[in-house]
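Here the structure comes first, spelled out in structure tokens, and everything after it is commentary.
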Amino acid sequence: MDGFINTCKARCDNQTKVEGEIRRPVVQKRAMGHKDSDKKKESHKRQREDKGEKSSSHKEKVKTEKVKEVEKKVDAEEEKTEKTPSVPEEEQTEEPEQEDIEQPRKRMRTRSMDMEEEESLYSMRRYRISPETIGILNSHGITELFPIQAIVDLIGRAPTGQGKTLAFALPIVEKIYKLGLAPPRRSRSPLILVLSPTRELAQQIDEQVHMVAPRLRSICLFGGAPYEPQESALRRGVEFVVGTPGRVLDHLERGNLRLEELKWFVLDEADRMLDMGFNEDVEKVVDYCVKSGGEVSGARKLPDRIQVLLFSATIPAWVRDVMTKYMHPDKVVVDLVTAKEKASVDVKHLVLRCPWERRAKVIADLIQVYCGHDGRAIVFCDMKKSCNELAGEDCLRSIAGVLHGDIPQKTREQTLKDFKEGKFKCLVATDVAARGLDIQGITLVINREPPSTRSGVADVETYIHRSGRTGRAGKKGVCVTLSTGLQQEAVLQTIEKAVGNAFTRIGAPQPSDLLKAKAENLLEQFDNIDAQMVEKMLPLAEEVYQKQADTKQAIARCLCLAVGAIGKMQSRSILTSQDGYKTFEYHSFNQFRSPSYVWGALRRYFPEEVVGNIKGITMTKDEQGAVFDVADQDVKVFEDFIEQHGERSQFSVCTSLPELKDRDLSQMRGKGGFNGGRNGQNGQNRRGGFSGGRGGRGGFSGGRGGRGGFNGGNRNFHNDGGFRKY
Numbered sequence: 001m002d003g004f005i006n007t008c009k010a011r012c013d014n015q016t017k018v019e020g021e022i023r024r025p026v027v028q029k030r031a032m033g034h035k036d037s038d039k040k041k042e043s044h045k046r047q048r049e050d051k052g053e054k055s056s057s058h059k060e061k062v063k064t065e066k067v068k069e070v071e072k073k074v075d076a077e078e079e080k081t082e083k084t085p086s087v088p089e090e091e092q093t094e095e096p097e098q099e100d101i102e103q104p105r106k107r108m109r110t111r112s113m114d115m116e117e118e119e120s121l122y123s124m125r126r127y128r129i130s131p132e133t134i135g136i137l138n139s140h141g142i143t144e145l146f147p148i149q150a151i152v153d154l155i156g157r158a159p160t161g162q163g164k165t166l167a168f169a170l171p172i173v174e175k176i177y178k179l180g181l182a183p184p185r186r187s188r189s190p191l192i193l194v195l196s197p198t199r200e201l202a203q204q205i206d207e208q209v210h211m212v213a214p215r216l217r218s219i220c221l222f223g224g225a226p227y228e229p230q231e232s233a234l235r236r237g238v239e240f241v242v243g244t245p246g247r248v249l250d251h252l253e254r255g256n257l258r259l260e261e262l263k264w265f266v267l268d269e270a271d272r273m274l275d276m277g278f279n280e281d282v283e284k285v286v287d288y289c290v291k292s293g294g295e296v297s298g299a300r301k302l303p304d305r306i307q308v309l310l311f312s313a314t315i316p317a318w319v320r321d322v323m324t325k326y327m328h329p330d331k332v333v334v335d336l337v338t339a340k341e342k343a344s345v346d347v348k349h350l351v352l353r354c355p356w357e358r359r360a361k362v363i364a365d366l367i368q369v370y371c372g373h374d375g376r377a378i379v380f381c382d383m384k385k386s387c388n389e390l391a392g393e394d395c396l397r398s399i400a401g402v403l404h405g406d407i408p409q410k411t412r413e414q415t416l417k418d419f420k421e422g423k424f425k426c427l428v429a430t431d432v433a434a435r436g437l438d439i440q441g442i443t444l445v446i447n448r449e450p451p452s453t454r455s456g457v458a459d460v461e462t463y464i465h466r467s468g469r470t471g472r473a474g475k476k477g478v479c480v481t482l483s484t485g486l487q488q489e490a491v492l493q494t495i496e497k498a499v500g501n502a503f504t505r506i507g508a509p510q511p512s513d514l515l516k517a518k519a520e521n522l523l524e525q526f527d528n529i530d531a532q533m534v535e536k537m538l539p540l541a542e543e544v545y546q547k548q549a550d551t552k553q554a555i556a557r558c559l560c561l562a563v564g565a566i567g568k569m570q571s572r573s574i575l576t577s578q579d580g581y582k583t584f585e586y587h588s589f590n591q592f593r594s595p596s597y598v599w600g601a602l603r604r605y606f607p608e609e610v611v612g613n614i615k616g617i618t619m620t621k622d623e624q625g626a627v628f629d630v631a632d633q634d635v636k637v638f639e640d641f642i643e644q645h646g647e648r649s650q651f652s653v654c655t656s657l658p659e660l661k662d663r664d665l666s667q668m669r670g671k672g673g674f675n676g677g678r679n680g681q682n683g684q685n686r687r688g689g690f691s692g693g694r695g696g697r698g699g700f701s702g703g704r705g706g707r708g709g710f711n712g713g714n715r716n717f718h719n720d721g722g723f724r725k726y
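Per the UniProt record's numbering, the sequence shown starts with residue 1, numbered consecutively.
Right, here's the structure in full:
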């Protein structure tokens with residue numbers, strides 16, 4: 001009987017083992033086991049009848065009950081096995097059998113469980129990525145994929161900083177390993193060709209490929225580097241070729257680069273190719289790919305063995321033409337950029353109004369406030385000359401490096417290397433650094449002026465890519481755009497609407513902000529002070545303590561000395577960034593439509609010599625207030641008036657800019673109007689108007705001189721215009 005029980009258990013525990021398939025319990029064997037047991041019962045019965053053995057009814061009854069009890073246990077074990085999810089063979093482990101264990105209650109599904117399941121979609125273990133590659137990525141701090149990396153074989157469009165480079169590198173590397181194409185191999189022709197618009201981006205892609213697949217041979221082809229080392233590497237054989245269109249085309253025409261075994265063709269930052277004039281070179285390279293498959297007369301499609309991967313943050317018309325002309329009809333397009341969200345949502349977009357002559361100082365202050373001790377900044381300029389001039393300013397010379405197309409290649413490489421290593425805090429660059437470069441630790445991006453085309457039209461795509469140098473891979477960043485006049489404000493309004501991100505208007509960093517930032521930078525290094533240095537300073541600390549019994553006061557004074565805050569703190573306008581001015585705000589109980597209403601209020605309460613020094617009156621968006629700048633020598637007059645009358649004064653110190661009224665764009669151009677002036681109705685055009693003058697604030701009798709109008713032209717007239725004349 002014991003042998004019979006063991007046989008039943010052994011047969012029920014058996015499972016099929018098929019190579020490459022998941023092991024599952026064999027349910028059919030349960031029924032087969034019952035048939036075998038019935039046959040054995042009948043054979044035993046016949047033997048007993050032949051031998052004349054007669055069992056007592058009591059013994060037979062006991063045996064039957066035992067067999068039924070064993071069968072029930074076997075059935076229960078099989079049912080438990082059927083309900084248990086199948087586990088891959090390599091993950092199964094033998095565990096000691098436990099009987100009569102109470103099953104846990106089924107958990108109610110919650111929102112957090114759904115979120116965990118959604119997050120796990122980007123886990124690398126869900127995809128066909130080898131353990132070797134996963135280990136390499138984890139060692140570089142990459143534990144999960146971005147959406148664009150989880151979906152491959154595509155035309156990919158995703159926000160900047162979302163890892164589009166790894167999106168094509170990972171699946172290609174895994175495919176090479178799977179097909180057994182990794183070195184050593186006989187052929188020396190490359191398997192992958194990647195085109196990028198800039199040398200810096202090509203080098204970055206090459207570095208990432210080497211990081212993901214150190215066993216694969218790769219080469220980076222770009223202009224400005226000698227041909228001989230590149231030719232030698234191509235003769236020895238490589239799997240990955242990364243390069244700029246011009247140099248890649250040179251090697252193709254010289255016969256150094258052959259594409260007979262090419263399997264993947266990648267266009268990274270395809271939209272930038274057109275902007276930089278590479279569209280013709282790209283099409284010539286694609287033609288070489290077409291010919292590598294045996295070109296049919298008139299055929300323009302790539303061979304079936306070549307898979308095209310096109311990545312871009314924007315998809316302009318030229319990119320769509322390339323898709324139609326060269327790619328197969330069954331291509332997959334993945335667009336992770338919504339219509340109203342093009343710029344990174346992890347970036348805070350700020351606008352700062354600043355005169356030209358103050359830009360360098362304001363930029364230096366922004367770097368100090370937003371970068372801290374370890375952060376870094378990129379300042380973008382439209383022209384190479386502007387980069388050189390800005391980086392040469394006294395306030396930036398010691399902390400800035402320059403990067404643009406006229407700088408020799410070796411110097412560019414060294415500059416980028418030093419910037420990545422933190423040897424200087426600020427990189428002043430043209431758009432050569434705006435595409436694809438992934439430099440860790442960039443917390444601030446500054447636009448020296450709003451990006452625009454030569455015709456003055458807003459360049460939305462350039463803004464997207466500039467701002468995308470910060471706030472990468474889920475980290476937060478800040479993008480500040482400096483603005484001067486009405487035309488630049490119009491460009492900013494266009495960009496703001498196009499990218500779908502709200503821009504916040506701010507003022508220049510105040511002296512108090514700079515003081516705080518400097519002190520915080522010092523305190524970040526508080527724990528790094530050597531103990532011996534502290535010992536040497538203890539006698540001086542004792543003297544300070546004796547002079548200043550209040551410990552907090554003593555520490556505060558020492559911090560002021562450490563950051564150079566000696567003497568009276570100078571004011572700075574948050575409206576125009578000018579030193580020596582303080583911004584005040586006027587509040588009205590009623591709406592008004594012209595700054596002349598504010599001028600009237602100022603003249604009612606303050607002396608004319610004070611009002612004459614006021615600058616830059618700008619109305620708020622709700623038309624119930626205005627902000628303006630007061631000279632330092634007149635600030636006490638306003639502060640005393642506010643203290644005396646309180647809220648009834650309708651004036652207050654402006655600590656942060658309110659939402660200001662959009663300017664009338666029709667006033668941007670013109671040769672004067674009813675109120676004349678140098679530029680339209682409110683006085684900016686030199687040729688004046690009906691009551692002209694060289695500027696002023698317009699009005700029936702305004703003007704600071706110039707060619708004047710009916711009542712203009714006398715410098716002794718009040719330069720604020722209006723109905724009053726002196």
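Glycine residues also receive a C-beta, built at the ideal position from the N, C-alpha and C atoms.
ask   = Are PHE222 and ARG199 close, meaning C-beta to C-beta below 8 Å?
value = The answer is yes: Cβ separation under 8 Å.
request  = Can you grab the Cα-Cα spacing for the pair TYR586 / ASP640, in whole Å?
outcome  = 15 Å
key: Whole-Å CB distance - VAL238 paired with VAL194, under 8 Å assumed   = Their Cβ separation, rounded to whole angstroms, is 12 Å, which puts VAL238 and VAL194 out of contact at 8 Å.
query = What are the partner residues of GLN307, as DSSP defines its beta bridges?
reply = TRP264
Proximity winner among HIS645, LEU234, ARG469 and ALA554, relative to residue 728 (alpha-carbon distances) = With the chain running from 1 to 726 in the structure shown, residue 728 is simply not present.
query = Between SER588 and GLN624, is the Cβ-Cβ spacing less than 8 Å?
reply = yes
task = Mark ARG186 as exposed unless 16 or more other C-beta atoms lie within 10 angstroms of its C-beta, in which case mark it buried.
result = exposed
message = What would DSSP say about ARG258, mapped onto helix, strand or coil?
response = coil
task = Could you tell me the distance, in whole angstroms, from the CA atom of VAL282 to the CA atom of GLN578?
result = Inter-residue distance for VAL282 and GLN578 is about 49 Å (C-alpha atoms, whole angstroms).
ask   = Alpha carbon to alpha carbon, how far is VAL248 from ILE219?
value = Take the alpha-carbon of VAL248 and the one of ILE219: they are about 11 Å apart.
ask   = Are the C-beta of SER512 and some C-beta of chain D separated by less than 8 Å?
value = The chain labelled as chain D is not found in the depicted structure, where only one protein chain is given.
message = For the alpha helix (DSSP H) containing GLY600, name the first residue and the last one.
response = 596-605
DSSP state of ARG572 mapped onto helix, strand, coil = strand
request  = Give the single residue among GLU461, GLU449 and ARG466 whose Cα lies nearest to the Cα of ILE439.
outcome  = Looking at the Cα atoms, ARG466 is the closest of the given residues.
ask   = Three-state secondary structure (DSSP) at residue 740?
value = In the structure displayed, the chain extends from 1 to 726; residue 740 sits before or after that span and is not available.
ask   = Excluding the five sequence neighbours on either side, which residues of its own chain have a C-beta within less than 7 Å of the C-beta of ARG111, listed in chain order?
value = With a pLDDT of 45 at ARG111, under the threshold of 50, the modelled position of that residue is not reliable, and the figure given next carries that caveat. For ARG111, where only same-chain residues beyond five positions count, there are no Cβ hits under 7 Å.
ask   = What is the DSSP secondary structure of CYS560, counted as helix, strand or coil?
value = Here DSSP, grouped into helix, strand and coil, assigns CYS560 to helix.
query = Helix or strand or just coil, what does DSSP make of THR655?
reply = Judged by DSSP in its simplified three-state form, THR655 adopts coil rather than helix or strand.
task = Could you pull the start and end residues of the alpha helix (DSSP H) that VAL362 belongs to?
result = Where VAL362 is concerned, the enclosing alpha helix (DSSP H) starts and stops at 359-371.
Selection from TYR605, LYS348 and HIS328 that minimises the alpha carbon distance to GLY474 = LYS348
ask   = What did DSSP end up calling VAL637 once you bin it into helix, strand or coil?
value = helix
inquiry  = Can you list, in chain order, the residues of its chain with a C-beta nearer than 7 Å to that of ASP374? Leave out the 5 residues immediately preceding and following it.
reply    = Residues of the same chain with a CB within less than 7 Å of the CB of ASP374, apart from the 5 flanking positions on each side, are GLY441 in chain order.
inquiry  = Could you tell me the alpha carbon to alpha carbon distance between LYS361 and HIS210, rounded to whole angstroms?
reply    = 41 Å
Whole-angstrom distance between PRO245 and ASP321, CA atom to CA atom = 18 Å
message = What does the alpha-carbon distance come out to for the pair ALA213 and SER656?
response = 51 Å
query = For GLY507, which three-state DSSP category applies?
reply = Three-state result, GLY507: coil.
Sheet register partners of LEU482 (DSSP bridge) = LEU352
Neighbourhood of GLN92 by C-beta, 6 Å cutoff - its chain only, sequence neighbours within 5 removed = Caution is warranted here: a pLDDT of 45 is assigned to GLN92, below 50, making its placement in the model unreliable, and no coordinate value can be reported.
task = Taking only the alpha-carbon atoms, compute the straight-line gap between PRO355 and ARG448 and give it to the nearest angstrom.
result = 11 Å
query = Can you list, in chain order, the stretches of the beta strand (DSSP E) that have 3 or more residues and sit fully within the region 159-208?
reply = If only complete runs of 3 or more residues are kept, the region 159-208 shows the beta strand (DSSP E) at 192-195, in order along the chain.
Three CB pairs or more closer than 8 Å across the region 449-456 and the region 483-500 = yes
task = With DSSP collapsed to three states, give me the class of ASP406.
result = coil
ask   = Is the CB-CB distance between ASP268 and SER196 below 8 Å?
value = Taking 8 Å as the cut-off, the Cβ atoms of ASP268 and SER196 count as close.
query = Can you give the beta carbon distance from LYS384 to THR415, rounded, assuming they're within the 8 Å contact cut?
reply = Not a contact, Cβ separation roughly 14 Å.
key: Beta-ladder partner(s) of ASN347, from DSSP   = The sequence as given places Val at residue 347; Asn does not occur at that position. Paired residues: GLY477.
inquiry  = Between LYS284, GLU461, ALA556 and LEU166, which has its C-alpha nearest GLY500's C-alpha?
reply    = GLU461
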